[in-house]
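Q:
There are 2 protein chains.
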Amino acid sequence: MNKVAIVDYATTKFRKLTDKSVYELACEPAMEILRSSIIPANKIEGLLFSSCSNDLYTGAIASEMLGINPKITCRIDNLCNSGTVALSAAYSYISSGLCDSILVVGAELRNSPGSKLIWDVSRGQFTSPIYWASVFAKMHMREYGTTEEDMGAIAVKNRSLAINNPNAMFNKPISLEDVLDSRKLVEPIKLLDCGALCSGAASVLLVSEDIARTLDVQPVWIDGIGQQTNCASVAHAIPGVFKNGSSKLAATHAYEMAKVNPSDIQVAEIHDAFTIMEIMAFEDLGFARTGKGASYALDGDIAVNPRGGILGSGHPIGATGIAQVCEIVCQLRHEAGIRQVGSSNVGLVHNLAAAGTSATIVILRS
Amino acid sequence: MNKVAIVDYATTKFRKLTDKSVYELACEPAMEILRSSIIPANKIEGLLFSSCSNDLYTGAIASEMLGINPKITCRIDNLCNSGTVALSAAYSYISSGLCDSILVVGAELRNSPGSKLIWDVSRGQFTSPIYWASVFAKMHMREYGTTEEDMGAIAVKNRSLAINNPNAMFNKPISLEDVLDSRKLVEPIKLLDCGALCSGAASVLLVSEDIARTLDVQPVWIDGIGQQTNCASVAHAIPGVFKNGSSKLAATHAYEMAKVNPSDIQVAEIHDAFTIMEIMAFEDLGFARTGKGASYALDGDIAVNPRGGILGSGHPIGATGIAQVCEIVCQLRHEAGIRQVGSSNVGLVHNLAAAGTSATIVILRS
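These protein sequence lines are chains A and B, in that order. Under numbering that gives the first Met the number 0, the first residue of the first sequence carries the number 0, and numbering increases by one thereafter. Under numbering that gives the first Met the number 0, the first residue of the second sequence carries the number 0, and numbering increases by one thereafter.
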């Protein structure tokens with residue numbers, strides 16, 4: 000299996016409103032990468048476009064807009080983990096030898112059709128993801144004694160971290176009282192427990208080891224990828240969620256491939272679309288024992304969501320996984336400026352879709 | 000690079016109307032493959048869903064409907080070559096070692112949004128693919144003396160071949176007069192020069208060499224994959240279409256990877272969405288010299304479109320590339336019954352998108 004490196008990364012500012020098309024938005028970070036000329040634009044052999052919009056042929060259209068002529072183009076959708084699924088496809092194309100370099104671009108507008116889970120009849124009328132967050136939160140509170148304050152603390156932490164991220168949608172601190180006093184949407188989930196849909200784009204450039212060794216930039220290696228789709232409906236996701244959730248299975252695959260343990264991870268981006276999801280992720284990833292996710296959030300020794308996570312940065316669906324990867328690459332290259340967390344060289348990305356029915360875990364090393 | 004084999008295949012009957020959803024349609028051939036139990040359903044590690052519908056998360060949804068729990072799921076779209084792009088992604092996932100087996104499923108309803116090329120402002124109001132077929136036909140007639148009769152002969156041939164394909168949409172012969180007398184849609188393209196959009200699905204099962212060697216079925220190896228996206232707009236596709244079209248470049252890559260020449264190919268599925276496209280393909284693939292595609296159609300020695308091609312079988316956009324692969328696998332395993340063309344062991348699939356702005360070539364060997 001040939002090694003694959005990430006050699007450049009860029010994200011737009013995440014924002015609520017934009018007058019750009021999903022293509023124009025995608026071109027922002029992709030052009031930033033092309034302008035840095037780490038490899039010439041005419042040597043880019045693939046463009047994978049991650050998005051949940053209704054736009055078709057986006058890989059080819061973005062290629063034309065960017066002025067590149069890749070061998071491989073396509074659009075990839077797997078809802079909220081589309082970005083890391085596209086990353087794993089790009090990894091595979093390069094590792095298999097079908098091509099040597101791929102630009103992965105994720106872009107989404109705030110009103111994306113990906114925000115509604117309309118196919119899932121087991122949700123009844125409850126097509127919004129908040130309903131499953133409510134079910135999981137209630138289960139976790141009942142089983143393990145997790146409190147609304149524990150969840151609120153995650154929002155406070157991640158909003159506070161986002162202040163140091165110039166591309167984050169939110170840049171003001173909030174207090175625990177702010178979270179607890181915010182509008183209750185679905186028991187026990189309050190407005191400030193929720194990540195906010197937004198518009199944004201992110202891009203990474205992947206190359207083969209042979210190319211990476213010739214470049215004058217620090218490569219960040221994709222050491223492990225774990226993926227798991229357990230089901231698509233929340234009704235199927237509920238029974239085994241704490242024991243055999245997709246995150247847990249995907250993490251097992253990723254640790255095995257990268258030959259690391261949870262304790263080797265120094266910095267992680269966690270899919271905190273709702274506060275309860277970060278608590279559950281700590282347990283799924285083996286950072287904390289089952290039921291101890293909430294206390295891990297206070298005293299864990301892995302730097303988590305330095306860019307502010309989804310709660311602080313916003314959630315442009317098809318771009319989120321790629322933005323998470325950008326942040327870990329940035330941290331592992333020690334380029335994060337005021338939000339740099341130590342001199343980490345092993346990091347992890349945790350990216351979920353639709354009630355955690357599907358998960359991707361990526362392990363990166365500089 | 001690890002070898003990858005196709006070990007099972009199935010298609011639905013292609014038809015104009017269906018009351019099924021795109022998911023239900025996709026499950027038809029996929030269930031046929033699962034029922035044959037070549038590998039147990041719980042060992043299937045990926046499901047890639049090729050479609051241009053507006054449905055999201057189709058890889059996970061189809062997995063749940065089929066009762067499988069793969070590591071990797073996603074939906075892939077690249078318009079009319081989505082199917083072979085999904086095949087190449089599946090190849091890469093297995094060849095790179097990320098997984099050992101993938102079900103690739105393509106499904107489309109006749110009213111798919113993929114039938115309109117609405118992003119391409121260079122087309123003006125001409126969002127239907129027929130307008131570019133018209134431009135290419137006029138260019139080929141002017142440059143090389145190709146005639147309306149030459150194009151009509153392709154339709155006669157492929158409709159005639161479709162009679163032996165029980166899954167084809169059309170099963171009656173037509174005469175050259177029928178084609179020439181059919182309604183002229185856009186000069187010089189007539190109704191019977193056009194492939195018909197339809198509903199349909201197709202599926203193939205890919206496995207690693209290690210698994211293929213343990214199975215009691217004849218593997219068909221993916222020996223070569225070539226891909227090229229030149230642009231997305233017809234205005235960009237026109238200038239170099241006869242010299243540097245995406246098909247020509249993709250074919251070069253595929254022949255090189257498979258270490259074969261055009262003369263080694265014994266059977267081919269050609270993307271004949273319009274009659275002129277089959278003539279141009281013969282030249283792009285090196286079967287005929289430039290300008291000689293029309294005469295090759297009469298006296299070429301490679302068996303072309305034995306299932307009836309798109310003109311005879313119909314065009315369920317995201318399923319077409321996979322249906323083409325199914326036919327070549329069927330031919331290379333000598334399982335085609337009355338439409339078997341000799342005892343071929345090397346075959347080729349040619350699959351285009353959007354005015355040939357993107358192309359995939361796959362070379363298979365039994």
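Virtual Cβ for every residue (Gly too), placed ideally from N, Cα, C.
Whose Cβ in chain B lies nearer than 7 Å to the Cβ of A/H235?
A: Counting from one through the first sequence, the residue named residue 235 of chain A turns up at place 236. The answer, in chain order, is E63.
Q: Under a three-way DSSP split, which group does B/Q323 fall into?
A: By 1-based counting over the second sequence, the position of residue 323 of chain B is 324. Residue state, collapsed to three classes: helix.
Q: Report the neighbours of B/I43 on chain A: residues whose CB is nearer than 9 Å to its CB, in chain order.
A: Start at 1 with the first residue of the second sequence, and residue 43 of chain B comes out as number 44. What B/I43 touches in chain A: nothing, since even the nearest Cβ is about 11 Å away.
Q: In three-state terms, what does DSSP make of A/C73?
A: As a position in the first sequence, residue 73 of chain A is number 74, starting the count at 1. Correct three-state label for A/C73: strand.
Q: Quick one: is A/N229 buried, meaning 16 or more other Cβ sit within 10 Å of its Cβ, or exposed?
A: Numbered from its first residue, the first sequence carries residue 229 of chain A at position 230. Its Cβ being crowded by 16 or more others within 10 Å, A/N229 is buried.
Q: Answer with yes or no whether the minimum CB distance from B/R74 to chain A is below 8 Å.
A: Residue numbering aside, residue 74 of chain B sits at position 75 when the second sequence is read from its first letter. Chain A, which has a Cβ nearer than 8 Å to the Cβ of B/R74, makes this yes.
Q: Along the chain, which unbroken stretches of the alpha helix (DSSP H) at least 4 residues long are found entirely within the segment 165 to 252 of chain A?
A: Listed in chain order, they are 175 to 180, 208 to 211, 233 to 236 and 240 to 243.
Q: Can you tell which of A/A236, A/K156, A/N68 and A/N77 has the C-alpha that lies nearest to the C-alpha of A/P39?
A: Position 40 of the first sequence, counted from the start, is the residue given in the question as residue 39 of chain A. Ranking A/A236, A/K156, A/N68 and A/N77 by Cα distance to A/P39 puts A/N68 first.
Q: Check whether the Cβ atoms of B/A249 and B/I360 sit closer than 8 Å, and answer yes or no.
A: Within the second sequence, residue 249 of chain B is the residue found at index 250, counting from 1. Within the second sequence, residue 360 of chain B is the residue found at index 361, counting from 1. Taking 8 Å as the Cβ cut-off, B/A249 and B/I360 qualify as a contacting pair.
Q: Following the continuous beta strand (DSSP E) through A/E27, name the residue where it begins and the one where it ends.
A: Position 28 of the first sequence, counting from 1, holds the residue named residue 27 of chain A. Counting along the chain, A/E27 falls outside any beta strand (DSSP E), though it belongs to the alpha helix (DSSP H) covering V21 to S35.
Q: Jot down the residue ranges of each uninterrupted alpha helix (DSSP H) in the segment 64 to 143 of chain A, minimum 4 residues, whole runs only, in chain order.
A: 81 to 94 and 129 to 143, all fully within the segment 64 to 143 of chain A.
Q: Pairing CB atoms from the segment 41 to 48 of chain B with CB atoms from the segment 188 to 198 of chain B, are three or more of them under 8 Å?
A: Short answer: they don't touch.
Q: Classify A/I327 as buried or exposed, calling it buried when 16 or more other Cβ atoms lie within 10 Å of its own Cβ.
A: In the first sequence, the residue the question calls residue 327 of chain A occupies position 328. Per the 10 Å Cβ criterion, buried.
Q: Does B/F273 come out as helix, strand or coil in the three-state DSSP assignment?
A: For the purposes of this step, residue 273 of chain B is taken as the residue at position 274 of the second sequence. B/F273: strand per DSSP, three-state reduction.
Q: Buried or exposed, going by whether 16 or more other CB atoms sit within 10 Å of the CB of A/E176?
A: In the first sequence, counting from the first residue as 1, residue 176 of chain A sits at position 177. A/E176 should be labelled exposed.
Q: Just to confirm the assignment, what range does the alpha helix (DSSP H) spanning B/R158 have?
A: By 1-based counting over the second sequence, the position of residue 158 of chain B is 159. Looking at the DSSP string, the run of the alpha helix (DSSP H) that includes B/R158 is E147 to A161.
Q: By DSSP, does A/S343 sit in helix, in strand, or in coil?
A: Here residue 343 of chain A is taken as the residue at index 344 of the first sequence, counted from 1. The answer is coil: DSSP assigns A/S343 none of H, G, I, E or B.
Q: Please report whether the beta-carbon of B/T17 lies at a distance below 8 Å from any beta-carbon of chain A.
A: What you label residue 17 of chain B is simply residue 18 of the second sequence in a count that begins at 1. Taking Cβ atoms only, chain A never reaches closer than 8 Å to B/T17, which makes this a no.
Q: Could you spell out where the alpha helix (DSSP H) holding A/D298 opens and where it closes?
A: Along the first sequence, read from residue 1 onward, the residue named residue 298 of chain A stands at position 299. Taken as a continuous stretch (DSSP letters only), the alpha helix (DSSP H) holding A/D298 covers G292 to D298.
Q: From which residue to which residue does the beta strand (DSSP E) around B/I5 run?
A: By 1-based counting over the second sequence, the position of residue 5 of chain B is 6. Run containing B/I5: V3 to T10, per the beta strand (DSSP E) assignment.
Q: In the DSSP assignment, find the unbroken beta strand (DSSP E) run with A/G45 in it and report its ends.
A: Translated into positions along the first sequence, residue 45 of chain A becomes position 46. G45 to S49 is the extent of the beta strand (DSSP E) around A/G45.
Q: Per the DSSP calculation, B/V361 is bridged to which residue(s)?
A: Within the second sequence, residue 361 of chain B is the residue found at index 362, counting from 1. Partner(s): B/I224 and B/V348.
Q: If you check the beta carbons only, do A/I224 and A/H270 fall under 8 Å apart?
A: Stepping through the first sequence from its first residue, residue 224 of chain A is reached at position 225. Stepping through the first sequence from its first residue, residue 270 of chain A is reached at position 271. No, they are not a contact pair.
Q: In terms of residues, what are the limits of the beta strand (DSSP E) holding A/V266?
A: Against the first sequence, residue 266 of chain A aligns to sequence position 267. Per DSSP, A/V266 belongs to the beta strand (DSSP E) from V266 to E268.
Q: Can you give me, in chain order, the residues of the segment 177 to 197 of chain B that have a beta carbon less than 9 Å from any beta carbon in chain A?
A: Going along the segment 177 to 197 of chain B in chain order, one finds no residue with a Cβ nearer than 9 Å to chain A.
Q: Is it the case that the Cβ atoms of B/S343 and B/Q330 are separated by a distance below 8 Å?
A: Indexing the second sequence from 1 puts residue 343 of chain B at position 344. Indexing the second sequence from 1 puts residue 330 of chain B at position 331. Their beta carbons are under 8 Å apart, which means B/S343 touches B/Q330 by this criterion.
Q: By DSSP, does A/V259 sit in helix, in strand, or in coil?
A: By one-based count along the first sequence, residue 259 of chain A stands at place 260. In this structure, A/V259 counts as coil in the three-state DSSP scheme.
Q: Would B/Y254 pass as an interface residue toward chain A - the criterion being a Cβ-Cβ separation below 8 Å?
A: Taking the first residue of the second sequence as position 1, residue 254 of chain B is located at position 255. No, B/Y254 lies away from the interface with chain A (no Cβ there is under 8 Å from its Cβ).
Q: Which whole-angstrom value describes the C-beta separation of B/A293 and B/A200, a residue pair presumed to lie in contact below a C-beta threshold of 8 Å?
A: Taking the second sequence and counting its residues from 1, one reaches residue 293 of chain B at position 294. Taking the second sequence and counting its residues from 1, one reaches residue 200 of chain B at position 201. With 8 Å as the limit, B/A293 and B/A200 do not qualify as a contact, their Cβ atoms being about 33 Å apart.
Q: Going by Cα to Cα distance, which pick from B/A231, B/E277 and B/H314 is closest to B/E107?
A: Against the second sequence, residue 107 of chain B aligns to sequence position 108. For the residues B/A231, B/E277 and B/H314, the minimum Cα distance to B/E107 belongs to B/H314.
Q: If we call anything under 8 Å between Cβ atoms a contact, is B/I71 one with B/S49?
A: Here residue 71 of chain B corresponds to residue number 72 of the second sequence, with the count starting at 1. Here residue 49 of chain B corresponds to residue number 50 of the second sequence, with the count starting at 1. It is not a contact, given that the beta carbons lie outside the stated cut-off.
Q: Report the three-state DSSP secondary structure of A/A302 (helix, strand or coil).
A: Along the first sequence, one-based indexing puts residue 302 of chain A at 303. Note: A/A302 maps to strand in three-state DSSP.
Q: Below 8 Å between beta carbons is the criterion; list the residues of the segment 323 to 346 of chain B that meet it against any residue of chain A, in chain order.
A: Those would be none; no residue qualifies.
Q: Tell whether a beta-carbon distance below 8 Å holds between B/A335 and B/P305.
A: Within the second sequence, numbered from 1, the residue matching residue 335 of chain B stands at position 336. Within the second sequence, numbered from 1, the residue matching residue 305 of chain B stands at position 306. Yes, Cβ-Cβ distance for B/A335 and B/P305 is below 8 Å.
Q: A/E148 to A/H139, Cα distance in whole Å?
A: For the purposes of this step, residue 148 of chain A is taken as residue 149 along the first sequence, with counting starting at 1. For the purposes of this step, residue 139 of chain A is taken as residue 140 along the first sequence, with counting starting at 1. Whole-angstrom Cα-Cα distance: 13 Å.
Q: Any C-beta of chain A sitting closer than 8 Å to the C-beta of B/C51?
A: Working through the second sequence from its first residue, we reach residue 51 of chain B at position 52. True, the Cβ-Cβ gap to chain A drops below 8 Å.
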